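Notes to accompany the following structure.
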Amino acid sequence: MKKILLGSAAALVASAGVAAADVSVSGDGRMGVVFNDAAQDKLRLDSRARVRFTLSGETDTGMAFGGWFRAQTAPDSASGNMGTGGANVFISGDFGRLSFGDVAGAAQASVGDLHGIGLTGLGFLNENTYFQRDFNGGILNSGGTNALYTYSFDGFTVHASLGQLNVRDGNNDRVEMGSIGARYEFDGFAIGAGYELANIGGDNFGHVALGGEANIDMFSVRATIGRLVQDARGTNTSDHQIGLSGSADIDDITVSAFARRDFARDVHVGAGASYSLGGGASIVGGVRYTSFDAGGGQTVADFGVSFSF
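If you count by mature numbering (1 follows the signal peptide of the UniProt record, and there is no 0), then the sequence shown holds residues -20 to -1, 1 to 289, one letter each, in order.
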């Protein structure tokens, strides 16, 4: 990671009241092959390069502020085009931390997801469904910018979030959403709980999420469960999602696996491993199988090299 100190006299004059400011530049990349047995062209090459800019500063009174954004090659890496992929800004102090932008909802921040696998994430089906990310076909995340407040004390962390204001879905119904959550960490263990509430055209959609994590020596285990409540019940094949995952670090090797059933009753099972080559490079691979409730299945896999800078 490289750091650029903004310390010129002109910058100091222009930023009166700022005690310190800096910009950190980091990046990551990958190259490999991806297999998908459901695709017409089952095997393809994959590559990506991404740069992340992290900005931070502090006022004379001790209030911290900052943000981050990133630039990356397009998903169709053959084009070589650049795009952005997420950004947020924050302020923090004794009052806690307030972030705007590409941030998690309070339930997601409190409960989290299962362990990920693979070079590319293989669809990221280890991730739980939350209102402020991908529930209901993405409608509840169509506003883009969210707000997340976080406050920590004595092992507890509380979260509260609010979705973008004045958002309407494809039916021109107003979409409003908010979330609260809490997490407690102690001696390598953690438990979290969250509640999300959304209103779409007068209908209330609720989601209760619970999760736990245990980290013992080289092993890590996570379990999560979610239940739809209020008018959200009956909108999917199932009112529950549930998952379990584990990971183990053995010298330079990390092995992870997960199993998850989503609200559509589709079951996703995956496993992956990585081997550190040192210097920020790793050999990474994974495989994931999905059994669809409607019948049939899908197998995807990837293998290649990942980099961090």
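For glycine and all other residues, C-beta sits at the position ideal for the given N, C-alpha and C. Quantities reported herein were computed from a predicted structural model and do not represent experimental measurements.
Through-space distance from I230 to S254, alpha-carbon basis: 10 Å
Chain-order list of residues whose beta-carbon lies under 6 Å from that of A140 (same chain, five-residue window excluded): A86, Y129, I160
Three-state secondary structure assigned by DSSP to G(-14): Low confidence applies here, because G(-14) scores a pLDDT of 42, under 50, leaving its location unreliable and the question unanswered by this model.
Cα-Cα separation between S227 and S200, rounded to whole angstroms: Straight-line measurement puts the Cα of S200 at about 5 Å from the Cα of S227.
Those residues which DSSP pairs with D229 across a bridge: Beta-bridge pairing links D229 to T234.
With 16 other Cβ atoms within 10 Å as the buried cut-off, status of V83: buried
Nearest candidate by alpha-carbon position, reference Q20, set F289, Q278, S286, V147: Among F289, Q278, S286, V147, the Cα nearest to that of Q20 is on Q278.
A127 - DSSP class collapsed to helix/strand/coil: In the structure shown, A127 sits in a strand (DSSP, three-state: E or B).
7 Å CB neighbourhood of R32 in its chain, flanking five on each side removed: S6, G7, W48, R50
Per DSSP, cross-strand counterpart(s) of N16: V280
Cα-Cα separation between L145 and M198, rounded to whole angstroms: 43 Å
Segment limits, beta strand (DSSP E) that includes S271: 261 to 271
Close Cβ partners of N106 (< 8 Å) along its chain, the five nearest in sequence each way excluded: D93, L94, H95, G96, I97, G223, S225, F238, R240, H248, G250
DSSP state of S254 mapped onto helix, strand, coil: strand
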